[in-house]
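Notes for the one structure printed next.
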Amino acid sequence: MSSPTLKIAILGAGPGGLTLASLLSSSSTTPIFYTIFELRPQPPPLNATSSSSGSLDLHGNSGLLALSACGLMPAFEALKRECSEESIITDMKGEVKWRDEGFGERPEIERGVLMGLLLGGVEEGRVRWGVKVVGVERGSKGGGWGEGKEIEEEEQEEFDIVIDASGAHSRARTVLSPTTLFYSSISCLTLTIPHLDTMDPSLAKLVGSGSFMAMGYGKAVMSQRGTEGAARIYVMLRTGGEGYLKESGLDVACKRPEELKRLLLAEGGLFENWGEGVRGLIERGCDAEAEALTRPLYMLPTDFTWLHQKGLTLIGDAAHLMTPFAGEGVNCAMLDALEVSKAILSCLSLDSSLAEKKGREEVLEEIDGKIERFEREMWKRMHPIQEETVRNLEMMMCDERAPEGFVEWMKGMFEAAMKEMGQGVKEGGN
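353 is the number that the numbering used here gives to position 314 of the sequence shown; each next residue is one higher, with no gaps.
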């Protein structure tokens with residue numbers, strides 16, 4: 040007698056959902072039937088001409104740990120080539136206040152390339168693309184969960200376990216808690232400049248080969264390098280409300296590059312008095328992007344938890360949505376996936392003589408106990424990170440001294456890290 044086959048639904052084919060699926064797929068001796076439901080259409084294969092999707096730095100105790108468990112580290116090593124760990128911080132005029140080369144411990148990879156790598160570890164046919172999950176509710180038999188799906192017409196399907204990795208607007212979260220997202224005070228415009236190295240070498244020098252941040256007076260312009268010399272540009276604005284993008288006309292202007300440049304750069308524009316280099320970066324981005332992406336940034340309370348319910352849990356942004364000001368979101372989602380996969384797979388080992396004697400309900404009860412423990416440990420791990428993200432947001436976007444306070448914090452972090460490594464700190468700046 041083998042361990043009972045379980046039916047698992049994973050909501051969302053983002054980094055967390057795909058990492059979880061890859062981990063479940065890599066356990067070839069364990070009988071698990073899982074399906075990923077993803078609203079987006081299936082993406083085309085990545086190639087050298089694919090547009091930049093921004094870079095991510097993966098951390099040894101989270102993202103890289105999960106990739107290693109998936110057996111994907113050799114492939115990752117071959118793909119991490121394009122983005123360095125260099126970090127540059129300037130004031131609004133473009134004067135460099137901090138520069139570092141990183142520690143070589145957080146390799147960068149483009150987001151789209153990482154998604155392709157993770158998708159390659161998922162069994163063929165497991166992802167149902169273009170499916171909208173409209174709700175999650177207790178199944179008719181009382182032991183599992185059913186979910187409503189919209190394809191051409193609505194249908195329902197039942198699962199033993201539902202793991203929601205679908206991000207900010209999680210359907211399962213509304214079942215577990217009445218807590219809702221709130222506006223973080225920050226709105227973002229995203230632009231992409233292809234081939235920046237050859238298109239404008241002076242701007243390429245300004246932003247460097249890794250990440251770049253210029254900030255001051257409730258605004259910031261950030262850049263991440265991508266493949267083929269591309270740069271992904273994020274224009275961050277601290278605003279009085281989530282309707283600002285519409286009220287200011289920026290949401291309409293994002294489809295009209297000349298109008299967008301007027302609102303951002305012309306006399307009276309949001310970046311009228313910023314430095315020539317930073318303004319040039321915005322201008323190049325507007326010229327290169329036919330339609331900029333605009334969105335208000337939301338978050339969950341830093342102490343968010345929920346009342347556990349058997350067979351249903353959340354990971355990634357669905358569980359702890361944050362703004363990007365600590366660079367931890369993807370790493371945390373991948374670690375969540377690793378930990379919840381352990382909770383499931385540890386109860387289904389075919390090597391255990393005890394597992395051979397367990398019935399279906401007993402196995403589900405054991406898995407549920409471990410998932411509940413995973414949730415408690417995740418909250419304990421995540422709450423300090425969520426609080427750090429809020430502190431960074433305040434230093435970068437709310438402090439009138441910015442970037443001074445953030446640079447001081449960076450220096451302190453580097454001094455502590457260098458001391459731990461037995462080295463002296465290298466001063467940032469010009």
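Backbone N, C-alpha and C define an ideal beta-carbon position, used for all residues, glycine too.
Quantities reported herein were computed from a predicted structural model and do not represent experimental measurements.
Short Cβ contact (9 angstroms threshold) for residue i with residue j
| i | j | result |
| --- | --- | --- |
| LEU62 | ALA108 | yes |
| LYS300 | ILE321 | yes |
| ALA204 | LEU50 | yes |
| LEU78 | GLY169 | yes |
| GLY53 | ASP375 | no |
| ALA253 | THR129 | yes |
| SER123 | SER262 | no |
| VAL317 | LEU245 | yes |
| LEU97 | MET436 | no |
| VAL369 | LEU95 | yes |
| SER226 | GLU125 | no |
| MET449 | TRP137 | yes |
| GLY218 | LEU111 | Going by the sequence as given, residue 218 is Thr instead of Gly. No; because the gap between Cβ atoms is not below 9 angstroms, this pair is not in contact. |
| LEU104 | VAL152 | no |
Closest by C-alpha distance to residue i, when choosing among the options
| i | options | result |
| --- | --- | --- |
| THR333 | THR231, ASP356 and VAL379 | THR231 |
| ILE47 | MET252, LEU384 and SER250 | LEU384 |
| LEU289 | ARG323, PRO335, GLY319 and GLY268 | PRO335 |
| GLU405 | LEU106, ILE200 and GLY102 | ILE200 |
| SER64 | MET112, GLY93, LEU158 and GLY324 | LEU158 |
| ARG295 | GLY247, GLY268 and GLU328 | GLU328 |
| GLU311 | GLY255, ALA331 and GLU116 | GLY255 |
| GLU416 | GLU378, PHE453 and CYS437 | GLU378 |
| PHE343 | PRO423, GLU267 and VAL246 | PRO423 |
| GLY178 | GLN348, MET449, CYS386 and VAL402 | GLN348 |
| LEU346 | GLY307, GLU281 and TRP418 | TRP418 |
| LEU403 | ASN431, GLU427, ASP438 and LEU351 | LEU351 |
| GLU330 | PHE445, ALA117 and GLU297 | GLU297 |
| ILE202 | GLY133, GLY151, GLY444 and ALA358 | ALA358 |
| GLN81 | THR278, ARG167, LEU276 and GLY444 | ARG167 |
Buried/exposed call for residue i, threshold 16 Cβ in 10 Å
| i | result |
| --- | --- |
| GLU149 | buried |
| ALA456 | exposed |
| GLN195 | exposed |
| THR213 | exposed |
| THR88 | For THR88, the predicted model reports a pLDDT of 41, less than 50, meaning its position is unreliable; a value from the coordinates is still stated below. Label assigned to THR88: exposed. |
| ARG210 | buried |
| PRO442 | buried |
| THR362 | buried |
| GLN425 | buried |
| GLU459 | exposed |
| SER241 | exposed |
| LYS171 | exposed |
| GLY99 | exposed |
| GLY451 | exposed |
| GLY282 | exposed |
| GLY102 | buried |
| GLU163 | exposed |
| PRO146 | buried |
| ARG264 | buried |
| ALA259 | buried |
| GLU367 | buried |
| GLY307 | exposed |
Cβ-based neighbour list, residue i, same chain, cut-off 7 angstroms, excluding 5 preceding and 5 following
| i | result |
| --- | --- |
| VAL429 | THR341 |
| TYR337 | ALA207, LEU220, PHE221, TYR222, SER223 and LEU360 |
| ASP390 | Residue confidence is low: ASP390 scores 46 on pLDDT, short of 50, so the model does not pin down where it sits. No coordinate-derived value is stated. |
| ALA60 | ILE49, TYR73, ILE75, VAL161 and ARG165 |
| GLY55 | ALA204, ILE354, GLY355, ALA372, MET373, ASP375 and ALA376 |
6 angstroms Cβ shell around residue i - same chain, five flanking residues per side excluded
| i | result |
| --- | --- |
| GLU286 | none |
| ASN469 | In this predicted model, ASN469 has a pLDDT of only 47, less than 50, meaning its place in the structure is not dependable enough to derive any value. |
| TRP313 | MET131 |
| ALA382 | LYS409, ILE410 and PHE413 |
| LEU303 | LEU309, PHE310 and ILE321 |
| LEU45 | ILE71 and ASP199 |
| GLY32 | Outside the shown range of the chain (40 to 469) lies residue 32, about which nothing can therefore be said. |
| SER216 | TRP345 |
| MET238 | none |
Residues bridged to residue i [DSSP beta-bridge criterion]
| i | result |
| --- | --- |
| CYS227 | MET275 and ARG334 |
| LEU351 | VAL201 and GLN348 |
| SER94 | GLU149 |
| GLY255 | LYS258 |
| ILE383 | Bridge partners of ILE383: none, in fact. |
| THR341 | BP columns for THR341 are empty, so no partner. |
| GLU77 | TRP168 |
| LEU45 | ILE71 |
| VAL287 | The sequence shown places Ser at residue 287, rather than the Val named in the question. In DSSP, SER287 forms no bridge with anything. |
| ARG138 | ILE127 |
| ARG295 | According to DSSP, which records beta bridges pairwise, ARG295 is partnered with nothing at all. |
| ILE232 | ALA270 |
| PHE221 | MET338 |
| LEU50 | PHE76 and ASP203 |
Min CB distance residue i to chain B below 9 angstroms
| i | result |
| --- | --- |
| GLY178 | Among the chains in the structure shown there is no chain B, since it carries only a single protein chain. |
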